[in-house]
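To keep things clear, I will list the structure first and then write my remarks on it.
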Amino acid sequence: MAKDSDLPRSLAGLSRELLARRLSPVEVVRALLERIEVDETNAFVTVTAEQALERASWAEGEILAGHYKGPLHGVPVALKDLIYTRGVRTTMGSALYAGHVPGHSATVARKLEEAGSILIGKTNTHEFAYGPTGDRSHFGPTKNPHDARRITGGSSGGSGAAVAASLCYGALGSDTGGSIRIPASLCGTVGMKPTFGRVSKSGVFPLSWTLDHVGPITSTVEDNALMLNALAGHDPEDPYS
């Protein structure tokens, strides 16, 4: 069993450890779930512990068998809670959707799954992504990991906090007027607002179809590039991509 202190800080570093079989996806997921359990930032609305452990076991078997899918294989990630996930509730930070469980997954969620990543949970969001502070969610405000008295910024505050608090190795947010860039800045992480159409918005609850962007929040620029590479590309389900 890996100690919490054994875990690399960066996604790229973890990827190298997993490929070299010095760490296992199951060990990593268990360690992160322990962190989430005692964390006080309120970064997550839903933690997919059972599903994450099951996918980690599957990823571990694939890696050991030599079926390595790339740098996201076995890596725990999180999704802003307006990105649809089949069978996992997606609330938009609102009481209106508190019990909403989609029947399909967003394209970006599917792409991350196909790349071998492990969904560890859905992150808190300013209600309907409509705000820059991150403290207006039906599930309560997200606290800045560096100073609980301060805001995370929004609307992707949960994703920014989860990465900054090392509760996952990358998280997706959405950005219409700063909603990735603001929390990335205030939480000390790296946020990318991709060029419009670079990443599919299909299956992502819209604030504005013609202004929304989906992108990653990570600890480093290298990590961000690794996630963007898995996400980018045309999607026939998104006419803007």
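FYI, the numbering for the sequence shown is 876 to 1116, going by the working numbering. Cβ coordinates follow ideal geometry from the N, Cα and C atoms, glycine included.
Unbroken beta strand (DSSP E) run spanning residue i, endpoints
i	result
Ser-1049	1046–1050
Thr-998	993–998
Ala-984	That residue, Ala-984, is in no beta strand (DSSP E); its alpha helix (DSSP H) goes 982–989.
Arg-897	Counting along the chain, Arg-897 falls outside any beta strand (DSSP E), and DSSP gives it neither H nor E.
Ala-1023	1022–1026
Cβ pair residue i, residue j closer than 8 Å
i	j	result
Pro-900	Ala-940	no
Lys-986	Thr-921	no
Pro-951	Leu-907	yes
Ala-1059	Ile-1092	yes
Glu-886	Leu-1101	Reading the sequence as shown, one finds Leu at residue 886 and not Glu. A contact, by the Cβ cut-off of 8 Å.
Thr-1095	Val-1065	yes
Leu-994	Ile-911	no
Start and end residues, alpha helix (DSSP H) containing residue i
i	result
Arg-905	900–913
Pro-1058	1056–1062
Asp-1098	1096–1106
Val-1038	1032–1039
Local Cβ density within 10 Å of residue i, reported as buried at 16 or more and exposed below that
i	result
Cys-1071	The residue you asked about is not Cys; residue 1071 is Phe in the sequence shown. Flag for Phe-1071 reads exposed.
Thr-960	buried
Arg-1056	buried
Pro-1114	exposed
Val-913	exposed
Asn-1019	buried
Pro-1111	exposed
Asp-1022	exposed
Val-903	buried
Ala-931	buried
Asn-1104	exposed
Gly-974	exposed
Identified DSSP bridge partners for residue i
i	result
Ala-970	Ala-970 pairs with nothing; no bridge assigned.
Phe-919	Thr-998
Thr-1093	Val-1065
Val-1074	Ala-1107
His-1088	Asp-1050
Val-1079	Ile-958
- Message: Suppose only complete runs of 3+ residues qualify. What are the beta strand (DSSP E) ranges in the segment 928–963, listed by chain order?
- Response: 951–955
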